[in-house]
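Visitor:
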Amino acid sequence: MKLHFEQKPMLKILAVLVILTGLTACQTQAIWDTSPDFGGTVNGAVQSQLVNPNAPLDNKKVTTGLDGGAAKGAVDNYQKSFEVKAPTSSGTYPTGATMGTSSGGGR
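First residue of the sequence shown? That's 7 in our numbering, and the numbers climb one at a time after it.
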């Protein structure tokens, strides 16, 4: 089908109108108004999983135990425990296991 020269601008305008009409169907409300209890279900689930929901209010005494330096050392040691150590040059892993074949009795 061959289009006349005068029909091409009309097709462009029609295509733009169809696209704009389609985009208005995707538009949501101008203002997103949440209900007053928005997120209440999640907050209720979190509160129901707590052992003592009033824990900060019930604790009248000062927390005692580790001082700052000792706590930092404990955290640092914990993080270092996840480092992977490379095998030593003698073929022995840091855990004491050796590389190679077993020396079990062959039958």
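Think of the CB as a built atom: it goes at the ideal place given N, C-alpha and C, for glycine as much as any other residue. All figures in this text were calculated on a predicted structure; none of them were measured in a lab.
Looking at the structure shown, is N83 part of a helix, part of a strand, or coil, going by DSSP?
Guide: Three-state DSSP puts N83 in a helix.
Visitor: Tell me the rounded alpha-carbon separation between A31 and G50.
Guide: Going from the Cα of A31 to the Cα of G50 covers about 35 Å.
Visitor: Among residues of its own chain, excluding the 5 on either side of T27, which ones have a beta-carbon nearer than 7 Å to its beta-carbon?
Guide: Within the same chain, T27 has no close Cβ partners at all.
Visitor: Report the three-state DSSP secondary structure of P59 (helix, strand or coil).
Guide: Coil, per DSSP.
Visitor: Which value, in whole angstroms, describes the spacing of the CA atoms of N58 and S41?
Guide: If I take the Cα positions, the gap works out to 28 Å.
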